[in-house]
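Novice: Here it is, the structure, as structure tokens.
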Amino acid sequence: MITLEGITKVYRAGEVEVPALKGVSLHIPEGEFVAIMGPSGSGKSTLMNVIGCLDQPTEGRYILDGYDVSALTDDQLAWIRNRKIGFVFQSFNLIPRVSAAHNVEMPLIYAGDSVQRRERAMAALESVGLLDRAGHLPNELSGGQQQRVAVARALVTDPAILLADEPTGNLDTESSLEILKLLRDLNQQGRTIVLITHEADIAAFAQRVVRLRDGVIVSDERQALAAELVR
Numbered sequence: 002m003i004t005l006e007g008i009t010k011v012y013r014a015g016e017v018e019v020p021a022l023k024g025v026s027l028h029i030p031e032g033e034f035v036a037i038m039g040p041s042g043s044g045k046s047t048l049m050n051v052i053g054c055l056d057q058p059t060e061g062r063y064i065l066d067g068y069d070v071s072a073l074t075d076d077q078l079a080w081i082r083n084r085k086i087g088f089v090f091q092s093f094n095l096i097p098r099v100s101a102a103h104n105v106e107m108p109l110i111y112a113g114d115s116v117q118r119r120e121r122a123m124a125a126l127e128s129v130g131l132l133d134r135a136g137h138l139p140n141e142l143s144g145g146q147q148q149r150v151a152v153a154r155a156l157v158t159d160p161a162i163l164l165a166d167e168p169t170g171n172l173d174t175e176s177s178l179e180i181l182k183l184l185r186d187l188n189q190q191g192r193t194i195v196l197i198t199h200e201a202d203i204a205a206f207a208q209r210v211v212r213l214r215d216g217v218i219v220s221d222e223r224q225a226l227a228a229e230l231v232r
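The sequence shown maps to residues 2 to 232 in this note's numbering.
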């Protein structure tokens with residue numbers, strides 16, 4: 002599903018080079034739930050940007066669902082982002098003046114895909130337990146419900162992977178637990194999930210934890226799953 006081979010990323014500011022990733026190699030099979038952890042400056046955000054096709058590596062090879070991402074044009078990368086990756090961010094990024102259902106439809110609208118668009122949006126909302134909130138505006142929903150809408154939006158294109166970047170960062174403990182259980186349920190249904198976090202109790206919901214430090218992977222371990230969120 003996801004294969005990274007010798008990925009490096011160097012940022013340049015004038016004559017200064019700052020290496021963010023230093024030869025990272027990682028394989029994530031289809032259907033796995035992986036948490037990527039690391040302190041600030043470890044390279045986890047850069048790795049997320051590479052996996053999400055938001056940034057190109059300086060060197061190395063990236064294969065996503067059979068596509069050699071390293072060799073794609075900007076237009077092809079945009080297609081990959083829209084069709085193969087579902088993004089869930091810390092900020093819900095919902096459009097405030099339109100309904101939950103219309104927010105979920107947005108990736109299909111951007112892709113010019115009109116085939117059963119509303120039906121697919123409603124099915125995605127049902128999958129996250131919010132079918133009865135389809136007509137509500139974001140400000141009529143709780144924080145946890147808004148993040149569920151964001152998850153439904155990420156799922157509506159049936160992406161190969163769900164990439165969640167600190168998805169509970171703006172939520173209280175109860176809402177965080179709801180979102181993490183939802184991600185676990187989606188994984189148990191076969192969805193591949195990559196979770197970016199700096200918190201061990203959040204990463205405990207994943208099957209596997211990859212830890213970064215100073216741009217390199219320092220550990221990669223499978224683990225017993227958490228029964229509940231503890232903060």
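Glycine included, every Cβ here is placed at the ideal spot set by N, Cα and C. Computed from a prediction, not measured in an experiment: that's the story for all the values here.
Using CA atoms only, rank isn't needed, just tell me which of V17, E200, V217, I162 is closest to F34.
Specialist: Numbered from its first residue, the sequence shown carries residue 34 at position 33. It is I162.
Novice: What three-state label does DSSP hand Q224 in the structure shown?
Specialist: For this step, residue 224 is matched to residue 223 along the sequence shown. Of the three classes helix, strand and coil, the one that applies to Q224 here is coil, per DSSP.
Novice: Just the C-alpha distance for R82 and G53, rounded to the nearest angstrom, thanks.
Specialist: On the sequence shown, position 81 is the one that residue 82 refers to. On the sequence shown, position 52 is the one that residue 53 refers to. Straight-line Cα distance between these residues: approximately 7 Å.
Novice: By a C-beta neighbour count over all protein chains shown, 10 Å radius and 16 as the cutoff for buried, is A72 buried or exposed?
Specialist: Working through the sequence shown from its first residue, we reach residue 72 at position 71. The residue is exposed, with fewer than 16 neighbouring Cβ atoms inside 10 Å.
Novice: Taking DSSP's pairing of strands, which residues face F88 in a bridge?
Specialist: Position 87 of the sequence shown, counted from the first residue, corresponds to residue 88. For F88, which the question treats as bridged, DSSP gives the partners L164.
Novice: Excluding sequence positions up to five away, which residues of its chain have a Cβ less than 8 Å from the Cβ of R118?
Specialist: In the sequence shown, the residue the question calls residue 118 occupies position 117. Correct list, in chain order: E106, L109, I110.
Novice: Beta carbon of D166, beta carbon of F90: below 8 Å?
Specialist: Residue 166 sits at position 165 when you count from the first residue of the sequence shown. Residue 90 sits at position 89 when you count from the first residue of the sequence shown. Yes. Within cutoff.
Novice: Does the count of Cβ pairs from the region 35 to 48 and the region 88 to 103 closer than 8 Å reach three?
Specialist: No: the two stretches stay apart, fewer than three of their Cβ pairs being nearer than 8 Å.
Novice: Sort I203, A112, R134, E141 by Cα distance to A153 and report the nearest one.
Specialist: Walking along the sequence shown from the start, residue 153 turns up at place 152. It is R134.
Novice: Among R84, L131, V129, which residue has its Cα nearest to the Cα of G113?
Specialist: Numbered from 1 along the sequence shown, position 112 holds the residue referred to as residue 113. Checking every option, the nearest Cα to that of G113 belongs to R84.
Novice: Is R209 closer than 8 Å to R223 when the C-beta atoms are compared?
Specialist: The residue you call residue 223 lines up with position 222 of the sequence shown. The residue you call residue 209 lines up with position 208 of the sequence shown. Yes, these two residues count as a Cβ contact at 8 Å.
Novice: Grab me the residues of R232's own chain with a C-beta within less than 7 Å of its C-beta, minus the 5 sequence neighbours each way, in chain order.
Specialist: In the sequence shown, residue 232 corresponds to position 231, counting from 1. Note that R232 has pLDDT 45, beneath the 50 cutoff, so the model's placement of it is unreliable and the number below is only indicative. Contacts found: T174, D202.
Novice: Where in the region 70 to 151 do unbroken runs of the alpha helix (DSSP H), each at least 4 residues long, occur, reported from the N-terminal end onward?
Specialist: With a minimum length of 4 residues, the continuous alpha helix (DSSP H) runs that stay inside the region 70 to 151 are 75 to 85, 101 to 111, 118 to 128.
Novice: Find out if the Cβ-Cβ distance for the pair G145, I180 is shorter than 8 Å.
Specialist: The count along the sequence shown starts at 1 and reaches residue 145 at position 144. The count along the sequence shown starts at 1 and reaches residue 180 at position 179. It is a contact, given that the beta carbons lie within the stated cut-off.
Novice: Under the assumption that S143 contacts S176 (Cβ atoms under 8 Å), give the Cβ distance between them as a whole number of angstroms.
Specialist: By one-based count along the sequence shown, residue 143 stands at place 142. By one-based count along the sequence shown, residue 176 stands at place 175. With a Cβ gap of about 7 Å, S143 and S176 count as contacting.
Novice: Suppose you measure from the CA of L5 to the CA of L138; what does that come to, to the nearest Å?
Specialist: Position 4 of the sequence shown, counted from the first residue, corresponds to residue 5. Position 137 of the sequence shown, counted from the first residue, corresponds to residue 138. Computed Cα separation, rounded: 40 Å.
Novice: What do you get for G87, buried or exposed, if any count of 16 or more other CB atoms within 10 angstroms of its CB means buried?
Specialist: Translated into positions along the sequence shown, residue 87 becomes position 86. By the neighbour-count rule (16 or more Cβ atoms within 10 Å), G87 is buried.
Novice: Enumerated in chain order, which unbroken segments of the alpha helix (DSSP H) with a length of 4 residues or greater are wholly contained in the region 198 to 223?
Specialist: Qualifying alpha helix (DSSP H) stretches, in chain order: 201 to 204.
Novice: Under a three-way DSSP split, which group does L5 fall into?
Specialist: By 1-based counting over the sequence shown, the position of residue 5 is 4. L5 falls in the strand class under three-state DSSP.
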